[in-house]
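Q: FYI, the numbering for the sequence shown is 8 to 720, going by the working numbering. Using N, Cα and C, we set each Cβ at its ideal position, and we do this for glycine too. This one's a predicted model, so the numbers in the text were calculated from it and none came from an experiment.
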Amino acid sequence: MNRNDPLPLRVLGACPHDCPDTCSLVTLVENGMAIKVQGNPAHPQTGGVLCAKVSRYAERTYHPERVLFPLKRTGLKGSGQFERVSWSAALDDIAAKLHAIANRGPGSAQSIQPYSYAGTMGLVQGESMAARFFNQLGAAQLDRTICSSAGSEGLVQTLGGKVGMRVAFFAEAKLILIWGSNSIASNLHFWRYAQEAKRNGAKLICIDPRRTETAEKCHEHIALLPGTDAALAFGLMHELIRNNWLDHDYLERFTLGWPSLRDRALLWPVERAAQVCGIEAAQIQSLARDYGQCFVDKQAAAIRLNYGMQRVRGGGNAVRAIASLPALTGAWRHRAGGVLLSASGSFPVNRAALQRPDLLAGKPSRTVNMSTIGDDLLRPASPDFGPAIEALLVYNSNPVAVAPESGKVVQGFEREDLFTVVLEHFKTDTADYADYILPATTQLEHWDVHGAYGHTDVLLNRPAITPLGEAKPNTQIFRELAQRMAALAGDESADGGGGFAAPCFADDDETLCRAAFDGHVDFEALLANGFATLNLPEAPFAQGGFPTPSGKCEFFSARLAQQGLDGLPDYLENYEALAGFDKSTSNSTARSGAYPLAMISPPARNFLNSSFVNVTSLRDIEGEPVLEINASDATPRGIESGQVVRVFNLRGSYRCKAVVSHRARPGVVNGLGIWWRKLGLDGTNVNQLTSQRLTDLGRGPTFYDCLVEVAGE
Ligand SMILES: Nc1nc2c(c(=O)[nH]1)N[C@H]1C(S)=C(S)[C@@H](COP(=O)(O)OP(=O)(O)OC[C@H]3O[C@@H](n4cnc5c(=O)[nH]c(N)nc54)[C@H](O)[C@@H]3O)O[C@H]1N2
Ligand SMILES: Nc1nc2c(c(=O)[nH]1)N[C@H]1C(S)=C(S)[C@@H](COP(=O)(O)OP(=O)(O)OC[C@H]3O[C@@H](n4cnc5c(=O)[nH]c(N)nc54)[C@H](O)[C@@H]3O)O[C@H]1N2
Ligand code: SF4
Ligand SMILES: [Mo]
Numbered sequence: 008m009n010r011n012d013p014l015p016l017r018v019l020g021a022c023p024h025d026c027p028d029t030c031s032l033v034t035l036v037e038n039g040m041a042i043k044v045q046g047n048p049a050h051p052q053t054g055g056v057l058c059a060k061v062s063r064y065a066e067r068t069y070h071p072e073r074v075l076f077p078l079k080r081t082g083l084k085g086s087g088q089f090e091r092v093s094w095s096a097a098l099d100d101i102a103a104k105l106h107a108i109a110n111r112g113p114g115s116a117q118s119i120q121p122y123s124y125a126g127t128m129g130l131v132q133g134e135s136m137a138a139r140f141f142n143q144l145g146a147a148q149l150d151r152t153i154c155s156s157a158g159s160e161g162l163v164q165t166l167g168g169k170v171g172m173r174v175a176f177f178a179e180a181k182l183i184l185i186w187g188s189n190s191i192a193s194n195l196h197f198w199r200y201a202q203e204a205k206r207n208g209a210k211l212i213c214i215d216p217r218r219t220e221t222a223e224k225c226h227e228h229i230a231l232l233p234g235t236d237a238a239l240a241f242g243l244m245h246e247l248i249r250n251n252w253l254d255h256d257y258l259e260r261f262t263l264g265w266p267s268l269r270d271r272a273l274l275w276p277v278e279r280a281a282q283v284c285g286i287e288a289a290q291i292q293s294l295a296r297d298y299g300q301c302f303v304d305k306q307a308a309a310i311r312l313n314y315g316m317q318r319v320r321g322g323g324n325a326v327r328a329i330a331s332l333p334a335l336t337g338a339w340r341h342r343a344g345g346v347l348l349s350a351s352g353s354f355p356v357n358r359a360a361l362q363r364p365d366l367l368a369g370k371p372s373r374t375v376n377m378s379t380i381g382d383d384l385l386r387p388a389s390p391d392f393g394p395a396i397e398a399l400l401v402y403n404s405n406p407v408a409v410a411p412e413s414g415k416v417v418q419g420f421e422r423e424d425l426f427t428v429v430l431e432h433f434k435t436d437t438a439d440y441a442d443y444i445l446p447a448t449t450q451l452e453h454w455d456v457h458g459a460y461g462h463t464d465v466l467l468n469r470p471a472i473t474p475l476g477e478a479k480p481n482t483q484i485f486r487e488l489a490q491r492m493a494a495l496a497g498d499e500s501a502d503g504g505g506g507f508a509a510p511c512f513a514d515d516d517e518t519l520c521r522a523a524f525d526g527h528v529d530f531e532a533l534l535a536n537g538f539a540t541l542n543l544p545e546a547p548f549a550q551g552g553f554p555t556p557s558g559k560c561e562f563f564s565a566r567l568a569q570q571g572l573d574g575l576p577d578y579l580e581n582y583e584a585l586a587g588f589d590k591s592t593s594n595s596t597a598r599s600g601a602y603p604l605a606m607i608s609p610p611a612r613n614f615l616n617s618s619f620v621n622v623t624s625l626r627d628i629e630g631e632p633v634l635e636i637n638a639s640d641a642t643p644r645g646i647e648s649g650q651v652v653r654v655f656n657l658r659g660s661y662r663c664k665a666v667v668s669h670r671a672r673p674g675v676v677n678g679l680g681i682w683w684r685k686l687g688l689d690g691t692n693v694n695q696l697t698s699q700r701l702t703d704l705g706r707g708p709t710f711y712d713c714l715v716e717v718a719g720e
């Protein structure tokens, strides 16, 4: 740069992605172009560092394949053939179709289905104007379960909410269990604190079937079988009880149901737990010694639990068992002790103001679970289900790639009688099935405000550049649709500005940003600094005070018992469990069953779910879709590294490249995700194999509860 050139403008923002870290961004803008997206050094959790993915956010934003104009389908569904149309032509047609469906008869609007997730975690470009729109319409609700609902429900039933330790205090812990988390890949800014603790002498133990880059950097790695975490937690409790490494005072005063949890834990001698987990009993004993020693020495033991361990049948119960552990040893007494899965419950978000559920009042509205969208799109009208799904509006999500059992999902999206609208940045696998693709702005182009789930700061995102092409924020698209719906319904003349003509459909994005934390966060401070820290206690449960009905840590949940469920946590075997894993013959061909390998499909480090798969510089690092397989499973199948293999089960088959690797433990293969189907070897991805079965709690998906067989080609 010439010394006389003006300095680039620095615009403060927030990373929009579904990642616990919610980094504070600084975008450098020159001549109206974003030239660099950097981490904000003034934000403690971000520490001036971004992950490799979002460092490429400018590349993603200016990607030559950005969808910048409304597109209308011209070819067969899925063919990806579209023509450019004007906004008014697209919105007029969409509004007319929705109006016709909604006015066919009482409750007919329920056959209009919104489908969205956390493509952006922004509270405004997520569920604000969109929710108002669908509530006013009386459309179906969406049960947003695809990521975290089993674990969330487990936390709510045990601790009372999505609350836990403050992430920065992990730096002071003496022992950190990194449980079901590949932190280096998906929680990088927590890993910075864990590293600090390590430098101060803390021991780090990783609990993960896969030998991840994180597992390699911990002192110990416990490579249990997928879906066996509750058994491990019970084995650990058994040892704590046997050695009396228990904080009896804490148990007495601040927990509910200890005698019955104790009885249940006593059913889990380490040998039994080790057998179920497919590990050595000595590993559980050593884990218990480390955890118990912190109690004896009055030092802080911290658990960073993450969502990787709850994508199995018993995921909710496993979270309940693990979230109970800190109360056994009174680890909560330390600010650097306890557990953190999600902190999102700490944010005083005014969802009612943003989403206006009152607009739905009195209208019949069914709820569809996003994790079973495959089955639900194929469901005919019935008294139980109501009308078949006739129209689907997708935003902030790519279900054709990310939802389980994609064979069914694709069949559903292929339905000629389904009207599909997709608000997107790119022609994703899902957008290929749209009747209309509407170009949405990226985080550099719109306003938003964010909470987080891995820290407790509120962040503001200001637009850094003007929208590219004809892209519009999600909010604006729903505002303009609302205007058209009002005109079609004659709302203005009918009741003087009710219905879709109500003033709430005219709120602009800054107004929505202000409404999100109204009265709880100083918006002027947000405007000035880009972030604001919530005022929360340092050791939230040192003296009990859990936000449960009893105010205690609920080992026993009366609420679950009232639903006819087990009030205590338990170990639930996977739906698709390895039949009799035998350590002495770790060679899986020795095991029975047509599908003798357990497959997990955690994210590839350089993608964010299915986002960034089309960013060339990042895809070049990942190379191509791979399946990691242990040598003891590869050799008997004649599989070598680099070879194309077929991974299959009753639900389908998927081709990818095998990597014979110590990252896969015997009996478990790792199919890294989530590739765009059309960028894979034969137009499928790993979700061709996953099932639509749901978790024990929270109605979540069971992506990592999946048996397969692998064959060389
Ligand atoms: N780079 C990157 N970062 C991401 C994402 C991404 O796609 N890429 N996704 C974001 C999203 S949406 C989320 S929800 C989070 C996901 O991040 P996490 O909540 O950490 O979940 P996963 O990455 O699914 O899995 C984490 C680890 O759990 C392991 N695991 C799988 N099954 C089991 C099990 O049964 N028990 C145990 N103990 N471990 C198991 C996996 O091998 C993996 O290494 O990360 C976010 N951050
Ligand atoms: N096999 C397997 N499947 C999985 C998982 C797994 O680990 N294994 N992980 C699961 C998990 S944890 C999750 S959270 C889900 C994630 O699934 P999704 O929520 O669908 O996440 P992404 O794949 O990142 O897709 C988000 C899409 O939103 C778009 N988007 C981003 N910002 C905006 C915006 O402002 N406006 C509009 N209109 N669009 C926007 C992006 O371009 C992107 O295509 O996938 C799940 N699927
Ligand atoms: S994806 Fe996560 S680590 Fe990367 S910039 Fe966003 S919040 Fe930070
Ligand atoms: Mo997720």
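DSSP three-state label for V326, please.
A: Helix at V326.
Q: Could you please give me the residues that DSSP links to N677 through a beta bridge?
A: N677 is bridged to I607 and E635.
Q: Can you tell me where the alpha helix (DSSP H) with F141 in it begins and where it stops?
A: That run of the alpha helix (DSSP H) goes M136 to L144.
Q: Identify, in the order they occur along the chain, each residue of the same chain with its Cβ nearer than 6 Å to the Cβ of A65, setting aside the five sequence neighbours on each side.
A: If we look at A65 and ignore the five residues flanking it on each side, its Cβ neighbours are A41 and V44.
Q: Roughly how far, in whole angstroms, is the beta-carbon of T374 from the beta-carbon of A147, given that I think they are within contact range, below 8 Å?
A: At roughly 7 Å, the Cβ-Cβ gap stays under 8 Å, so T374 and A147 are in contact.
Q: Would you say H457 and L451 are within 9 Å of each other, going by their C-beta atoms?
A: It is not a contact, given that the beta carbons lie outside the stated cut-off.
Q: Could you give the DSSP three-state label for R17: helix, strand or coil?
A: The answer is strand: DSSP assigns R17 an E or B state.
Q: Run through the DSSP bridge pairs and tell me what T34 is partnered with.
A: For T34, which the question treats as bridged, DSSP gives the partners V18 and V44.
Q: Tell me which same chain residues have a C-beta within less than 6 Å of the C-beta of A459, skipping the five on either side of it?
A: Excluding positions up to five away in sequence, the list reads T29.
Q: For L162, which three-state DSSP category applies?
A: In this structure, L162 counts as helix in the three-state DSSP scheme.
Q: Roughly how many angstroms separate the alpha carbons of T219 and G299, rounded to a whole number?
A: Straight-line Cα distance between these residues: approximately 26 Å.
Q: Which of the three DSSP states, helix, strand or coil, is assigned to V270?
A: Note that residue 270 corresponds to Asp in the displayed sequence, not to Val. D270: helix per DSSP, three-state reduction.
Q: Out of V620, P643, L335 and I286, state which residue places its alpha-carbon closest to the alpha-carbon of V303.
A: Minimum Cα distance to V303 is reached at L335.
Q: Identify whether L239 lies in helix, strand or coil by the three-state DSSP scheme.
A: Helix.
Q: Which one of D689, T691 and G680 has the shortest CA to CA distance from F710?
A: F710 has its Cα closest to that of G680, out of D689, T691 and G680.
Q: By the three-class DSSP mapping on this structure, what secondary structure does E720 have?
A: In the structure shown, E720 sits in coil (DSSP, three-state: anything other than H, G, I, E or B).
Q: Quick check on the burial criterion: 16 or more other C-beta atoms within 10 angstroms. Buried or exposed for R139?
A: Result: buried.
Q: If you measure from the CB of S159, is any heavy atom of ligand 4 nearer than 8 Å?
A: No, Cβ of S159 sits at least 8 Å from all heavy atoms of ligand 4.
Q: With a CB to CB cut of under 8 Å and the five nearest residues on each side skipped, what residues in its chain are close to G690?
A: R684.
Q: Around the C-beta of L694, are 16 or more other C-beta atoms found within 10 angstroms, so that it is buried, or is it exposed?
A: Note that residue 694 is Asn in the sequence shown, not Leu. That one is buried.
Q: Let me know the secondary structure DSSP gives N656 once reduced to three states.
A: It is a strand residue.
Q: Using the rule of at least 16 other Cβ atoms within 10 Å of the residue's Cβ for burial, across every protein chain shown, is E134 buried or exposed?
A: Counting Cβ neighbours within 10 Å, E134 comes out buried, since at least 16 surround it.
Q: Leaving aside the five residues before and after D436 along the sequence, list all residues of the same chain whose C-beta is less than 7 Å from its C-beta, in chain order.
A: Counting only Cβ-Cβ distances below 7 Å, and skipping sequence neighbours, we find N405, V407, A408, W683, R684 and K685.
Q: If A325 sits next to A237, beta carbons under 8 Å apart, how far is it from one beta carbon to the other, in whole angstroms?
A: That pair is a contact at about 4 Å.
Q: By a C-beta neighbour count over all protein chains shown, 10 Å radius and 16 as the cutoff for buried, is L14 buried or exposed?
A: So L14 ends up on the exposed side.
Q: Determine the DSSP secondary structure at H457, reduced to helix, strand or coil.
A: If DSSP states are grouped into helix, strand and coil, H457 belongs with the strands.
Q: When the Cα atoms are used, what is the spatial distance from V620 to R63?
A: V620 and R63: Cα-Cα distance of roughly 12 Å.
Q: At what residues does the alpha helix (DSSP H) containing P406 begin and finish?
A: Per DSSP, P406 belongs to the alpha helix (DSSP H) from P406 to V409.
Q: Tell me, please, which residues DSSP counts as bridged to D150.
A: D150 is bridged to N376.
Q: Please classify T623: is it buried, with 16 or more other beta-carbons within 10 angstroms of its beta-carbon, or exposed?
A: Counting Cβ neighbours within 10 Å, T623 comes out exposed, since fewer than 16 surround it.
Q: Would DSSP call D464 helix, strand or coil?
A: If DSSP states are grouped into helix, strand and coil, D464 belongs with the strands.
Q: For C262, which three-state DSSP category applies?
A: The amino acid occupying residue 262 in the given sequence is Thr; Cys does not appear at that position. Correct three-state label for T262: strand.
Q: Out of curiosity, what's the CA-to-CA distance linking T596 and N692?
A: At T596, the pLDDT of 41 sits below 50, so the modelled position is not reliable and the matter cannot be decided from this model.
Q: Name the two residues that bound the continuous alpha helix (DSSP H) containing K2.
A: Given a span of 8 to 720 for the chain in the structure shown, any question on residue 2 remains unanswerable.
Q: Would you check if the stretch 341-360 and the stretch 73-83 touch, i.e. whether three or more CB-CB distances between them fall below 8 Å?
A: Touching, no, given that fewer than three Cβ pairs across the two stretches are closer than 8 Å.
Q: For T430 versus I484, is the C-beta spacing smaller than 9 Å?
A: First, the residue type needs correcting, since residue 430 is Leu and not Thr in the sequence shown. In this structure, I484 lies closer than 9 Å to L430 by Cβ.
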